[in-house]
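Remarks on the structure that follows.
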Amino acid sequence: MALLDYFHFRSFSCLLFIYFSILKNIDESNAYISALSPFASVIKADVGTRIVLPCNVSGKPRPRISWLKNGRLLPVNSTKGHPQMDHKALLFYNLLPSDTGNYTCIVSNLYDLKEFTTELYVKTPPGKLINVTVHPSTVVATVRWHVDNDGGYPITNFTLLYRPTKANASESWHMPQPVHVSPALRQFFILQLKPGTDYIFKIWATNKLGPGEAVTVRASTCKPVDPPEVFGKMLADAENFGSTAWLLAVCMLAATVLTLSLISFALLFKGERNGTSEESMPRIITNPGFEIDLEQYFLLEHADFNDNIEKPVRLNNNTVILPSRV
């Protein structure tokens, strides 16, 4: 037993000697780690596609490579898992939405350690719409929604379906017109619904990769109200009208009447104040000195160009010439 232990000790000592001899022969000035190709900061790929995340590096002594996803070490023996490790690369044969994340390639040897990081973003169909609400009336319903995740591609259209809740399973869904709602809209009106009916509404978004997950909302249209029911409801509301509310209503009515009366009085007073009195109106008094005979004529001081010395009363167009008032 002692002899066996001696041989084990000698073997271990020899291995240590060889190891330190190798380290001694390595020139630290020649040790390095470098990337052979640049690392992309962001990589985008469609769901279901194949992609490779390379870690193309070199070093002396030969470096050891390991991968982290979101700060957690990926198993070294994941050759059959997802993703698969192949020497210096990560292989994704069928991208999943859960593969989105931050991937770090750690390269290390006895003298150095470097990290190379890449952000992987997996594009998918649109996510579920949020804040989906239905506001029904008697025969019309307004559907509103918001987009939280477009999946990485612009939304091409929205699809909206509806049918009564008590419909048979074989009954087809109703599609409003247009069938494909514009991607710019965030609300839609559905017409020709049945009053007093429970409906189920289903809506989803679609992009380049296909339709997203649907959102289901239930709502009921209002029943038509008859006039007797309206009158009865008004009476019921009147009974619940307290004395304080009545007093407030009367005060508001009195204040309104008083305000209108004051405004009317002010307008009347202003009209009387700015009105034209009868004394200030000019009086036209007939002056006998200005009475003329249209048939009379006057002598001119000097003859005109036609040697006429009489001033005509009428011109050729029968216009009467009146004397000017000085």
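In full-length UniProt numbering, the protein residues as written are 1 to 326. Cβ atoms here follow ideal geometry from the backbone N, Cα and C, with glycine treated the same way.
Quiz item: From which residue to which residue does the beta strand (DSSP E) around T216 run?
Solution: 215-220
Exercise. Compute the Euclidean distance between the alpha carbons of V165 and W145, then round it to the nearest angstrom.
Key: For the record, residue 165 in the displayed sequence is Thr; it is not Val. Near 21 Å, if we compare the C-alpha coordinates of W145 and T165.
Practice problem: Tell me whether V257 sits in a helix, a strand or coil according to DSSP, three-state version. | Solution: helix
Quiz item: Are the CB atoms of T221 and K202 nearer to each other than 8 Å?
Solution: no
Exercise. Give the C-beta separation of I200 and R163 to the nearest angstrom, bearing in mind that I take them to be a contact with Cβ-Cβ under 8 Å.
Key: Right, the Cβ-Cβ distance comes to about 6 Å (below 8 Å), so this counts as a contact.
Quiz item: Which word fits N70, buried or exposed, when buried means at least 16 other C-beta atoms lie within 10 angstroms of its C-beta?
Solution: exposed
Quiz item: When DSSP builds the beta bridges, which residues end up paired with S66?
Solution: Its beta-bridge partners are I106.
Quiz item: Where do the ends of the beta strand (DSSP E) carrying F188 lie?
Solution: 187-190
Quiz prompt | Bounding residues of the beta strand (DSSP E) (the contiguous stretch that carries T118) | solution = 113-123
Practice problem: Only counting runs of 3 or more residues, tell me where the beta strand (DSSP E) segments fall wholly within the segment 32-66, in order along the chain. | Solution: 32-35, 42-46, 51-54, 57-60
Quiz item: What three-state label does DSSP hand L4 in the structure shown?
Solution: Below a pLDDT of 50, predicted positions are generally treated as unreliable, and L4, at 45, falls in that range; no measurement from the model is reported.
Quiz item: Nearest to L120 by alpha carbon, out of P54, I155, S264?
Solution: P54
Quiz item: What do you get for T256, buried or exposed, if any count of 16 or more other CB atoms within 10 angstroms of its CB means buried?
Solution: exposed
Self-check item: Cβ separation of S41 and T118, assumed to be a contact under 8 Å, to the nearest whole Å
Solution: 7 Å
Quiz item: Counting along the chain, where does the beta strand (DSSP E) carrying P160 start and finish?
Solution: The question names Pro, but residue 160 in the sequence shown is Leu. Counting along the chain, the beta strand (DSSP E) containing L160 begins and ends at 157-164.
Self-check item: Cβ-based burial, Y103 [other Cβ within 10 Å; buried from 16]
Solution: buried
Exercise. Please confirm whether I190 and V140 have their CB atoms less than 8 Å apart.
Key: yes
Exercise. Closer than 8 Å by C-beta to I155: which residues in its own chain qualify, once you throw out the five before and the five after it? Chain order, please.
Key: Correct list, in chain order: P126, V147, P183, A205, T206, N207.
Practice problem: Go to N131, then tell me how far its beta strand (DSSP E) extends in each direction, as first and last residue. | Solution: 130-136
Quiz item: For K44 versus G152, is the C-beta distance shorter than 8 Å?
Solution: yes
Quiz item: Roughly how many whole angstroms lie between the Cα atoms of L248 and T142?
Solution: Looking at the two C-alpha atoms, the distance is approximately 37 Å.
Exercise. Mind checking who T142 pairs with in its DSSP beta bridge?
Key: H135, F189
Practice problem: Report the three-state DSSP secondary structure of S182 (helix, strand or coil). | Solution: coil
Quiz prompt | Option nearest H135 by Cα separation, candidates R218, N109, G101 | solution = In terms of CA proximity to H135, R218 leads the group R218, N109, G101.
Exercise. Provide the residue span of the beta strand (DSSP E) that contains H207, from first to last.
Key: Checking the sequence shown, residue 207 turns out to be Asn, not His. Note, N207: beta strand (DSSP E), 198-207.
Quiz item: When you compare each of I51, S98, F116, G48 to A35 by their alpha carbons, which one comes out closest?
Solution: Comparing Cα-Cα distances from A35 to each of I51, S98, F116, G48, the minimum goes to F116.
Quiz item: Out of N157, G210, L161, A167, which has the shortest C-alpha to C-alpha gap to L185?
Solution: N157
Exercise. Label residue 327 either buried or exposed according to how many other C-beta atoms from any shown protein chain fall within 10 Å of its C-beta, with 16 as the threshold for buried.
Key: The question about residue 327 has no answer here: the residues shown for the chain are numbered 1 through 326.
Quiz item: Leaving out the 5 sequence neighbours to the left and right, which residues in its chain are closer than 7 Å to L253 when beta-carbon positions are compared?
Solution: So the list is empty, once near-sequence residues are dropped.
Practice problem: Buried or exposed for V181, please, with buried defined as at least 16 other CB atoms from any protein chain shown within 10 angstroms of its CB. | Solution: V181 counts as buried, since at least 16 other C-beta atoms from the protein chains shown sit within 10 angstroms of its C-beta.
Quiz prompt | Per DSSP, cross-strand counterpart(s) of Q84 | solution = L91
Exercise. Using a threshold of 8 Å, state whether the C-beta atoms of V52 and L96 are closer than that.
Key: no
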